[in-house]
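J.: The structure's right below; bear with me while I get my questions together.
Protein chains: 4
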Amino acid sequence: MPVRLIESLATTAPLAEIFSDHSVLRAMLDFEMALARAEARLNIIPQSAADAIAQAAKAGDFDGATLAGAALRAGTPAIPFVKALTERVRASDSAAAGYVHWGATSQDLCDTALVLLLRQTQSLLESDLDRLEQALFRLAEQHKDTVMLGRTLLQAAPPITFGLKAAGWLGAVSRSHRRLENGFQHSLVLQFGGASGTLAALGEHGLAVAQSLATELRLTLPDAPWHTHRDRFAELVCTCGILCGSLGKIARDISLLMQNEIAEAAEPSGAGRGGSSTMPHKSNPVGCTITLAAAARVPSLVSSFLSSMVQEHERAAGGWQAEWSIISDVVGATGLAVASMAEVADGLTVDAGQMRENIGATRGSIFAERAMMLLGHKLGRDTAHQLLEEAVRRSVEQKRHLSEVLGQMKEVKDRLGPDDLRDLEKPEQYLGSADEFRKRLLASSRRKKSGGKE
Amino acid sequence: MPVRLIESLATTAPLAEIFSDHSVLRAMLDFEMALARAEARLNIIPQSAADAIAQAAKAGDFDGATLAGAALRAGTPAIPFVKALTERVRASDSAAAGYVHWGATSQDLCDTALVLLLRQTQSLLESDLDRLEQALFRLAEQHKDTVMLGRTLLQAAPPITFGLKAAGWLGAVSRSHRRLENGFQHSLVLQFGGASGTLAALGEHGLAVAQSLATELRLTLPDAPWHTHRDRFAELVCTCGILCGSLGKIARDISLLMQNEIAEAAEPSGAGRGGSSTMPHKSNPVGCTITLAAAARVPSLVSSFLSSMVQEHERAAGGWQAEWSIISDVVGATGLAVASMAEVADGLTVDAGQMRENIGATRGSIFAERAMMLLGHKLGRDTAHQLLEEAVRRSVEQKRHLSEVLGQMKEVKDRLGPDDLRDLEKPEQYLGSADEFRKRLLASSRRKKSGGKE
Amino acid sequence: MPVRLIESLATTAPLAEIFSDHSVLRAMLDFEMALARAEARLNIIPQSAADAIAQAAKAGDFDGATLAGAALRAGTPAIPFVKALTERVRASDSAAAGYVHWGATSQDLCDTALVLLLRQTQSLLESDLDRLEQALFRLAEQHKDTVMLGRTLLQAAPPITFGLKAAGWLGAVSRSHRRLENGFQHSLVLQFGGASGTLAALGEHGLAVAQSLATELRLTLPDAPWHTHRDRFAELVCTCGILCGSLGKIARDISLLMQNEIAEAAEPSGAGRGGSSTMPHKSNPVGCTITLAAAARVPSLVSSFLSSMVQEHERAAGGWQAEWSIISDVVGATGLAVASMAEVADGLTVDAGQMRENIGATRGSIFAERAMMLLGHKLGRDTAHQLLEEAVRRSVEQKRHLSEVLGQMKEVKDRLGPDDLRDLEKPEQYLGSADEFRKRLLASSRRKKSGGKE
Amino acid sequence: MPVRLIESLATTAPLAEIFSDHSVLRAMLDFEMALARAEARLNIIPQSAADAIAQAAKAGDFDGATLAGAALRAGTPAIPFVKALTERVRASDSAAAGYVHWGATSQDLCDTALVLLLRQTQSLLESDLDRLEQALFRLAEQHKDTVMLGRTLLQAAPPITFGLKAAGWLGAVSRSHRRLENGFQHSLVLQFGGASGTLAALGEHGLAVAQSLATELRLTLPDAPWHTHRDRFAELVCTCGILCGSLGKIARDISLLMQNEIAEAAEPSGAGRGGSSTMPHKSNPVGCTITLAAAARVPSLVSSFLSSMVQEHERAAGGWQAEWSIISDVVGATGLAVASMAEVADGLTVDAGQMRENIGATRGSIFAERAMMLLGHKLGRDTAHQLLEEAVRRSVEQKRHLSEVLGQMKEVKDRLGPDDLRDLEKPEQYLGSADEFRKRLLASSRRKKSGGKE
C-alpha cells in the first residue's frame, strides 16, 4: 500500500509500507501463530490446532479493506480479524477453529501487533539517524575553522564557527538518538492479559503462556498487562517529539542560511529536488521544508497521545482507540524528518567565503563587545561603553568599519595601536571557547555511539 | 483507495474516498482544465490548447503512487503532477503542452484542489448532522417527561428530564452546525495568484482570469490570493474542533449511562456492533468510543493547524506543507464522529424505568436541597440546614429514605404534613424550568434550520 | 496584582489587572449582588436581604489568597467565596445570610464572573486591533508603489509591493477582528441554572429570575444553562487562536525583513526596546519576538480547551475546572500579541531603497519567468525554456545580470530589442494585479469596519 | 506571591512560591553572585568587584513588578534586571559596576535561573510522589484479595482484585517517577555561553569560568551552551506530561468508582473538601477532579514546548521567550496533580462489600467466558458457545443468575455438577494470574525505589 497523495509530505515509502494493511495483517497473524505455538507447547491447546492455525495464517490472504470496514463497526480490527482467521482455520480443521486467539483479548492482539510493527520501524529510523550523525560529524570536523556570524534573534552577533554550529546540531541529535533507543527498548514489550488483564481463561498457566509467547515473539515480558497504562508508548512518542523539535531547529537554521541575501549554505539538489513549477532559477530548501512540516505536526500528535492516556479501568472507551493512527502518524513524520535531514546534511554545500563576507558586511559592529572589553581595561568600562556607542553610531551612519572609526577617535588611538585595530575585526581572534565546545560535543556523540553513558 | 487498517477507527469510507488518490487527482485535473478554459475564453491561450488539456485531463490515468513519491522529492505534489500532465498533453499536441498550468503556481493548484475536495465533504458532514439533529430532536420530544438523575462531578444531583438532556445536546450540535456552514462558506474560495501572488505572468489580465476561473469552478473569488494567510481554513478546522468537542460530550454521557450499574441507555446493536472477542455478554458503547477517539485526536490537529499559520512571506517553508494531512485528518475524524453519533442517537434505547429506579436508589438525598428550602421558610435557613445535615446523615447510615427520616424528626413533623413528605421525593415536582429550557433549545435549533439567526 | 516575572512575556499589565484577584472578586460580587437584586424584585427573597448582600459585597475586602487556598480544597473558588460572603452578610443581618447565592450553583457564579471579566477584555483587545489595522492600512497606502522581492520558501521570487504585503496582513487581521467580535458576542451570555441546570430551587420562577439577572448584568440570556456545553467559549478561544496565527505570520515576516543581510524593515526602538545586555550594536525585533512567543503558546491552549469540552453530564469532573487558567492565558497572550504588533506596525521603518537593492542583487534571475514568457511568444515555449535555463546558469556563474547575458545570446538579440532588455528587470513592470489585489483588500477591511458583511 | 484566584486550580502554594517574583529574583541574583565569585577566583574580575556584587545581591530588594514591565519592553527579564543590579552595585562601588554579568548573555542568566528554580521543585514533586507510591503500595497489599469487577469500555468484565488495580496504578507512577528523575538529572545543567555561545568575551578562560560557575551553583557542566538546543528541558516537560497522563488515569478510575450507583471507593473528605454550595448530601471527587483538570492542560503545554524547539541560530526569536510560562505551568500543574492524588490515595476508602455486590448484580454474566471454557472441553467449543449465548440471553431476560439458568439446561446439567455450577460465579476462582501480576508490579516498584534498573 503506497503513500497516498494527500499525505505525500507526511511519511516515507518504507514507513508507509510497515503500516500498510499487508504488514499490519502479517503482524496480527504473527501474534496468533505465536500464541497458538506457545499454548500448544504448554499443552493448553492441541498441537494439531496450533498447526492448523499456523497453516491458515501463512496463507494469509485477508482483505484489509473488508476488515477495516468491519473494524469500524466492531470498534477494533481485532474482532473481524479473529473471526476471519477462525473461519479460515475451520475450513481446514473444524476442531482447531475453537482454539484461535485462545485466552487472549482484542487489545492483546492489537497492541502486540503494533509493537511488532514499531520494532520494524526502529532500524529504519536508527539507520537514518546514523547517517545524519555521520554527516553532521563530518561537517563539524571539516568546518572547525570556518568562521561565520553568530545570529541572535535573527540579528548579527559575534562570530562562531560553522563547525561549532554543526556540532551543536549533532549534540542534540545524538542525545535524542539515545532517548529514542530507550523509548523503543521500554516500549517493545508483550501485551497479553486476556479480557480483564488477569489471563483468567488460562487458569494457573497465564504467566507461563505469557513468558512463552514473549519468547516466541522476541519481546520483553512486562511485569503485567498494560491495557490502560500507556506510559511506555507515551515515552516513545515523546522521544519522537523531542527529536523532531531538534530536527526542525536544524532545518530552520539551514533554510535561513539558504536565503538569497545570506547564501551561506545550500541543500543538495538531487533528482526531482527543489525546483519550482514557475521559477526556473530557484533552489528551494525542500528537505528542510518537509522537516519543518513534520516538526509542525508531531508536537500536537504527542499532545493527543498524552491526553488519551486517561483511560478507563481495564479497557478504555476512546483513548486507546485513538492510538493507532496517532502512533503511525508520529513515527511516519519522524522517520520522514530524519531521512530528509540525513539527505540534507549529507549533501550540504557550505560557502565559507560567503560566510566571511557576511561578517565583513557588518563593518565590525559585531566586534563592539570586543572593543569595549579591550578599552575597558584601560579606560574603565563606563567610558569605554560610551565611546563604543558613539563609534557604532558613526560606523552605521558613515558606512565605515568600526575599527576605522575607532582609529580616528583620539581617546582610542592613544590606547589601541594599529595592530590592535587591524586585528579587532578578525573573527578568528574572537572565538573564545568555540573549538573546545565543538570538541566536547563531538566526543560526547562518539561516546554515545560506543555505548557509554552521558 | 479504501480505509487502511491502521486508520480504520479514524475516518469513514466515503470520506476516505474523497481524499483518495483518484479523487485528489480528479480535483487537480479539474483545476487545470478550468484554468485552461478560462484563459482560452479570454484569449490568453489558444482554444486548441485548452481543448488538448481537457482531453488529456479527462483521460486522467495518472499513477498516484508515482506522483506521491515524486511529490516528496519536489516538496509538493503539484510539480510532478503538472509535469505528468504536460507530457500527456505534449503527446497529442506539442504546441499545447506549453500552456498547461499557464500563469499559475504550485500552491494555486494544491489549495484549490483541496477546496474542491472540501466542498465534497460538506454535504456528507451536513447530511449526517441533519440526521443527528433529527434524532436528538425526537429524543428531546419523546422524553420530555422522562425524569432522571442530574449528575454533577459524577455524583447524583437533583433530577432533570432526559428530554432536557437531549435538548442540551441538540443545542450544542445545532450551534456547531451553523458554525460549520460558516466555516465552509468562508473557506470555499479560489486560490490563484501565480508565483508571488500578483499574477504577474498574466500581465493586466490576472484578475479577469481569476474571476473567470472562480466562475468555472463555482468558487468565491477572494479579495486576493491567500498563499500565506490561512485564517479561512483555520476557521473551518476550528469549527470541526468545536463540533467534535460537543460530540465527545454526548458520547461520554451516553457511555456513562450505559454502565451496567446505571443502565439507563444503550447504543443500538446493529450488525457487527459492540461485541467482544472474549465476552459474549457484552454490549459495548462502540459508536461513543469511536466518537471519543475522534474527540481525542481533533483538538491537537487544530493546534497543529494554528501553529502552522506562521507562514513566511509569499510561500511558507513548512507551515503550508503540513496542511494537507492535517486537514484531511480533521475532516475524516469529524465526519466519523458525526456519523457515529447519528447512528447512536438514531437507535438509542432509553430505559425510563431504570432512570426512575436510580433516582429512588438515592433514597431522597438529592431532594435535601428541596427539603431545606421548604423548611427554611418555616424554621429559618440555618436551623433548616442543620436539620437536613442530620437527616441526610441518618438516611445514609440507616439506609432509609430521607422523607421517612424527616417524618420521624419532631421539628419536621410539626411543619411538613404527610402529603408534603410523600411528595418530597417526587422528581416531577422538582424540575423547575427544565421544560421551558428544553422548549427554548428546540425552538432555537429549528430556527437555525430554517435560516434564522441566533 | 501585577504581572509576575515568570510570565512577564505572557500577558499585558491591563489584562493581568482584569484577571487579578481584586477584579475576579469584583466580578463574583457583582454576580451575587445582581442575583439578590433580581430575586428581591421578583419577591423571591426579601428586599432587606438584597440590601444587606449589596452592602457586604460593596465592602468587598476579601482576601484572594485565602480564598484561592480554600478553592483548591473545595474544587472551586465559588464555595469558599460564597461562604465568606455569607459570613460577611451574617455579621450585619443574620436573616439575610440565608439568601446569599439563593438558587444558584457554584458554576453559575464562576462562569458568569468569567463572562463579566471577558467583557472587560473585549474593549482592550479591540482598541489595539483598531490601532493595528489603522497602521497596516497606512502602510498599505504609503507603500503602494514600493517594490520589493516576493519570497517563496524563503527564496527570491518575482517582485511584489510592500503595499500589497501590508494589505495582505491587514486582510487577515480584519477578518479575525470580525471573528473575534462574533466570538465575544456569542460568549457573553449569562450562566444561571442551579444545581442541575433546571433552576429547580426557584420553582416556577426560574426563567423570570434568569431574565431579570441577565438584564441586571447586561448579558444575553441563552436558551438554557450551558454548564457542560462549552462551545461558546470554545468559539471565542478559537478566534483568539486564529488571530494569533495571523499575527505570528506578520511578526515572522517582519523579523525576517529585519535580518542584517536583508534590512528592509525595522521595528520602532522605543524606550527600553530591543537592546542587548552584551551587544550595544543590536536592534532586536522585540515586538515580533513577543508576538511569536504568543503564537507558539496559544494554539496548544486552544487544543486544551477543545479537549476539555468532553464534560460529563450536568457538571464536569475536570474539564470545566481546567478552563479558568486556559481562558485567561489565551486572552492574555492574544492581547499581548495584538498590542505588540500594533506598536510594531505603528512605528515600522520601511527601507524602500534597500528593498530595491535586494531586487537588484538577484541580477535579474527573478525575471526569468518574465523573459520566458516574452520569448515564448516568439520562439515557442520549449525553446524559450531551454534558452532561459542556460541564461540563468551563465548569470549565476558569471555574476552578470540576466538581461545582459540574454543580450549576448544570438537567439535572443534577434527577438528582444535593447529597450525590451533594459525593461526586463524593471520590477514596476512585472507586478501584474498586485495593486488591484491591494485595493480590494483595503476596501474589504473598510467595509468590515463600517459593519458590512464579507 | 500567593496563588491567584484565576489559577487556584492550576498549581499548589509551594510551587507558586518557587515561581514567585521573590524566588525568581533570588535565583537570578544567585547566578550573578556565583558568576562574579567564579571570575574573581580566576582573576578575571577583581575580588572587590565580586564582593560588591555579592553585597548588592544580598540586599536584593528589587521590585518584580517594575522589572516585569521593563522585561516586556526589553523582550527578556535579564536586561532590566542586570541594569538594576548594576545600578545597585554602582551606588556602593562604581568600579565594580562594570563587572556585573561579566561575559554572560541574557539567556545565560534566564536559563540558569530557571534551572535553579526547577531544582527546588524536584524535591517537592518527588516527596509527593513517594507519598503517593507508598499509599498505592499499601492499597495493593491490603486489597490483594478484594475482588471487584473488571470493566472494559465501561462495561462489566471478568473479575480482578482491587489489589491488582492499585498495583497497576503504582507501576505506572513508579515508572514515571524514574523518568522524572532522569528528566531532572538531564535538565539541571548550567547555561553559560555569552553572546554567541562561544564565551568569546572571556578569551581563553571561558571553559574554566564555566566549570567554576557550575561548581559554585552545584550544577552539571554540559558539553557546550545550549541556547537554542532545548531537548533537555523538553525531556523534563515530556516526563511531566507522561506522569500527568498516568495520574489522570487513576483519577478517572477513582471518580468512576465513586459514582453513587457504583460506590466502591471514596476520596477522603478532609477539611474543606468535596462539599457543594447547594447540595448538602454530596461527596465530590475533588482531588480526582483537580488531577483531571491538570491532565487536561499539561499535554498541550508539552506540545507548545515541543513546537517552540524550532529555535533560530544562536538565540531564538519567539521560541525561547515562550518557555518560562510554559515550564512553570507544566511543573505547577504536575505538582498539583501529584499532591492531589497523594492525598486521595492516602485516604481512599474502599468498600469491598460493595465491590462484591456489584459483581453479584451482573448475575454471573461476566462468567460466561468461564462457563464456555468449562463446557468447551466437554462439548466442543462451538456447541458451548451457542449454549452460552442462549443462557446469557435467558439470564438477562429472566433476571436470573447464569449458573441457575445453566443448571436447568439439559446439555449442561449432564456435564457440570452442582458444585461446578455453585463455584462458577465465585470471583476468587476466576482471577488467573492476577496476584502474580500484582506481586511483579510491587517488586518492580520497590526495585526502582532502591535504585535498580528496569
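First to last, the protein sequences are chains R, F, G and S.
Numbered per our numbering, the first sequence spans residues 1 to 454.
Numbered per our numbering, the second sequence spans residues 1001 to 1454.
Numbered per our numbering, the third sequence spans residues 2001 to 2454.
Numbered per our numbering, the fourth sequence spans residues 3001 to 3454.
No residue lacks a Cβ here, since even glycine has one placed at the ideal position from N, Cα and C.
DSSP three-state label for residue 3199 of chain S, please.
T.: Residue mapping note: residue 3199 of chain S aligns to position 199 of the fourth sequence, counting from 1. DSSP places residue 3199 of chain S in coil when its eight states are reduced to three.
J.: Can you tell me which of the three DSSP states residue 3355 of chain S falls into?
T.: By 1-based counting over the fourth sequence, the position of residue 3355 of chain S is 355. DSSP places residue 3355 of chain S in helix when its eight states are reduced to three.
J.: Tell me the rounded alpha-carbon separation between residue 27 of chain R and residue 43 of chain R.
T.: Position 27 of the first sequence, counted from the start, is the residue given in the question as residue 27 of chain R. Position 43 of the first sequence, counted from the start, is the residue given in the question as residue 43 of chain R. One C-alpha to the other measures close to 24 Å.
J.: At a CB-CB cut-off below 7 Å, which residues of chain S make contact with residue 2284 of chain G?
T.: What you label residue 2284 of chain G is simply residue 284 of the third sequence in a count that begins at 1. In chain order: 3075.
J.: Rounded to a whole number of angstroms, what is the C-alpha to C-alpha distance between residue 1237 of chain F and residue 1304 of chain F?
T.: Against the second sequence, residue 1237 of chain F aligns to sequence position 237. Against the second sequence, residue 1304 of chain F aligns to sequence position 304. In a straight line, the C-alpha of residue 1237 of chain F is about 10 Å away from that of residue 1304 of chain F.
J.: Check whether the Cβ of residue 154 of chain R lies closer than 8 Å to any Cβ atom in chain G.
T.: On the first sequence, residue 154 of chain R is found 154 positions in, with the first residue counted as 1. Yes, because at least one Cβ of chain G sits closer than 8 Å to the Cβ of residue 154 of chain R.
J.: Return no unless some Cβ of chain S is closer than 8 Å to the Cβ of residue 1160 of chain F.
T.: Looking up residue 1160 of chain F in the second sequence gives position 160. Closer than 8 Å: no.
J.: With three or more C-beta pairs closer than 8 Å as the rule, is the segment 4–11 of chain R touching the segment 1007–1023 of chain F?
T.: Yes, the segment 1007–1023 of chain F is in contact with the segment 4–11 of chain R.
J.: What residues in its chain sit with their C-beta under 6 Å from that of residue 1012 of chain F, if we drop five residues either side in the sequence?
T.: Position 12 of the second sequence, counting from 1, holds the residue named residue 1012 of chain F. Excluding positions up to five away in sequence, the list reads 1335, 1336 and 1339.
J.: Which first and last residues belong to the alpha helix (DSSP H) in which residue 1287 of chain F is found?
T.: Stepping through the second sequence from its first residue, residue 1287 of chain F is reached at position 287. It spans 1286–1307 - the alpha helix (DSSP H) in which residue 1287 of chain F sits, taken as one unbroken run.
J.: For residue 1258 of chain F, return the contacting residues in chain S, with the cut-off set at a CB-CB distance below 8 Å.
T.: In the second sequence, the residue the question calls residue 1258 of chain F occupies position 258. Within chain S, the residues near residue 1258 of chain F are 3154 and 3155.
J.: Measure the CB-CB distance between residue 1223 of chain F and residue 2243 of chain G and report whether it falls below 8 Å.
T.: Counted from its first residue, the second sequence places residue 1223 of chain F at position 223. Counted from its first residue, the third sequence places residue 2243 of chain G at position 243. No, these two residues do not count as a Cβ contact at 8 Å.
J.: Using a Cβ cut-off of 7 Å, pull out every chain G residue sitting near residue 290 of chain R, in sequence order please.
T.: Sequence index remark: in the first sequence, residue 290 of chain R carries index 290 (1-based). Residues of chain G passing the Cβ test: none, with the nearest at roughly 11 Å.
J.: Hey, quick one: how far does the alpha helix (DSSP H) through residue 250 of chain R stretch, first residue to last?
T.: Sequence index remark: in the first sequence, residue 250 of chain R carries index 250 (1-based). Its alpha helix (DSSP H) spans residues 231–257.
J.: Is it true that the CB of residue 1269 of chain F sits closer than 8 Å to the CB of residue 3155 of chain S?
T.: Numbered from its first residue, the fourth sequence carries residue 3155 of chain S at position 155. Numbered from its first residue, the second sequence carries residue 1269 of chain F at position 269. No. Outside cutoff.
J.: With DSSP as the reference, identify every bridge partner of residue 1150 of chain F, one or two as the case may be.
T.: Working through the second sequence from its first residue, we reach residue 1150 of chain F at position 150. For residue 1150 of chain F, which the question treats as bridged, DSSP gives the partners F/1157.
J.: Does the beta-carbon of residue 1377 of chain F have 16 or more other beta-carbons within 10 angstroms, so that it is buried, or is it exposed?
T.: Position 377 of the second sequence, counted from the first residue, corresponds to residue 1377 of chain F. Its Cβ having fewer than 16 others within 10 Å, residue 1377 of chain F is exposed.
J.: Expressed to the nearest angstrom, what Euclidean distance is found between the alpha-carbon atoms of residue 1110 of chain F and residue 1045 of chain F?
T.: In the second sequence, the residue the question calls residue 1110 of chain F occupies position 110. In the second sequence, the residue the question calls residue 1045 of chain F occupies position 45. Taking the straight line from one Cα to the other gives about 22 Å.
J.: I want to verify the contact list: residues of chain S whose CB lies under 9 Å from the CB of residue 386 of chain R, in sequence order.
T.: As a position in the first sequence, residue 386 of chain R is number 386, starting the count at 1. Neighbours of residue 386 of chain R on chain S: none; closest Cβ ~12 Å, over 9 Å.
J.: How many angstroms separate the CA atom of residue 1115 of chain F from the CA atom of residue 3436 of chain S?
T.: Start at 1 with the first residue of the second sequence, and residue 1115 of chain F comes out as number 115. Start at 1 with the first residue of the fourth sequence, and residue 3436 of chain S comes out as number 436. Approximately 57 Å, taken between the alpha carbons.
J.: Hey, does residue 5 of chain R have any beta-carbon neighbour from chain F nearer than 8 Å?
T.: Against the first sequence, residue 5 of chain R aligns to sequence position 5. Closer than 8 Å: yes.
J.: Check this for me: beta carbons of residue 1051 of chain F and residue 1342 of chain F, under 8 Å apart or not?
T.: By one-based count along the second sequence, residue 1051 of chain F stands at place 51. By one-based count along the second sequence, residue 1342 of chain F stands at place 342. No, these two residues do not count as a Cβ contact at 8 Å.
J.: Considering only residues of the same chain and omitting the five flanking positions on each side of residue 3428 of chain S, which have a CB-CB separation below 7 Å?
T.: Working through the fourth sequence from its first residue, we reach residue 3428 of chain S at position 428. Here the set comprises 3147.
J.: Who are the neighbours of residue 456 of chain R on chain F, taking C-beta pairs under 9 Å?
T.: Shown here, chain R extends from 1 to 454; a query on residue 456 of chain R therefore has no answer.
J.: Going by DSSP in three states, residue 2350 of chain G sits in which element: helix, strand or coil?
T.: Here the question's residue 2350 of chain G lines up with position 350 in the third sequence. Of the three classes helix, strand and coil, the one that applies to residue 2350 of chain G here is strand, per DSSP.
J.: If the cut-off is 9 Å on Cβ atoms, which residues from the segment 2300–2311 of chain G count as contacting chain R, listed in chain order?
T.: Going along the segment 2300–2311 of chain G in chain order, one finds 2300, 2303, 2304, 2307 and 2310 with a Cβ nearer than 9 Å to chain R.
J.: State yes or no: is the C-beta of residue 1312 of chain F within less than 8 Å of the C-beta of residue 2346 of chain G?
T.: Along the second sequence, read from residue 1 onward, the residue named residue 1312 of chain F stands at position 312. Along the third sequence, read from residue 1 onward, the residue named residue 2346 of chain G stands at position 346. No, the Cβ-Cβ distance between residue 1312 of chain F and residue 2346 of chain G is not below 8 Å.
J.: Going by beta carbon distance, what residues of the same chain come within less than 8 Å of residue 184 of chain R, once the five residues before and after it are set aside?
T.: Stepping through the first sequence from its first residue, residue 184 of chain R is reached at position 184. 118, 119, 122 and 236, listed in sequence order.
J.: Quick one, are the C-beta atoms of residue 3217 of chain S and residue 3209 of chain S less than 8 Å apart?
T.: On the fourth sequence, position 217 is the one that residue 3217 of chain S refers to. On the fourth sequence, position 209 is the one that residue 3209 of chain S refers to. Contact: no.
J.: Can you grab the Cα-Cα spacing for the pair residue 256 of chain R / residue 1198 of chain F, in whole Å?
T.: Stepping through the first sequence from its first residue, residue 256 of chain R is reached at position 256. Stepping through the second sequence from its first residue, residue 1198 of chain F is reached at position 198. Each residue's Cα considered, the two are about 24 Å apart.
J.: Taking C-beta to C-beta, are residue 3371 of chain S and residue 3431 of chain S nearer than 8 Å?
T.: The residue given as residue 3371 of chain S occupies position 371 in the fourth sequence. The residue given as residue 3431 of chain S occupies position 431 in the fourth sequence. Cβ distance not < 8 Å, so residue 3371 of chain S and residue 3431 of chain S don't count as in contact.
J.: Apart from the five residues just before and just after residue 3149 of chain S, which ones in its own chain have a Cβ nearer than 8 Å to its Cβ?
T.: Translated into the one-based positions of the fourth sequence, residue 3149 of chain S becomes position 149. Same-chain partners within the cutoff: 3156, 3157, 3159, 3160, 3355, 3358, 3359, 3362 and 3366.
J.: Going along chain S in order, which residues have a C-beta closer than 8 Å to the C-beta of residue 373 of chain R?
T.: The residue you call residue 373 of chain R lines up with position 373 of the first sequence. Those within 8 Å of residue 373 of chain R in chain S are 3201.
J.: Give me the chain S residues within the contact set of residue 2040 of chain G, using Cβ-Cβ distance strictly less than 9 Å, ordered along the chain.
T.: Taking the third sequence and counting its residues from 1, one reaches residue 2040 of chain G at position 40. Within 9 Å Cβ-Cβ: nothing; residue 2040 of chain G doesn't reach chain S, min ~20 Å.
J.: Against chain S, with Cβ distances strictly below 8 Å, would residue 2297 of chain G count as a contact?
T.: Working through the third sequence from its first residue, we reach residue 2297 of chain G at position 297. So, interface residue.
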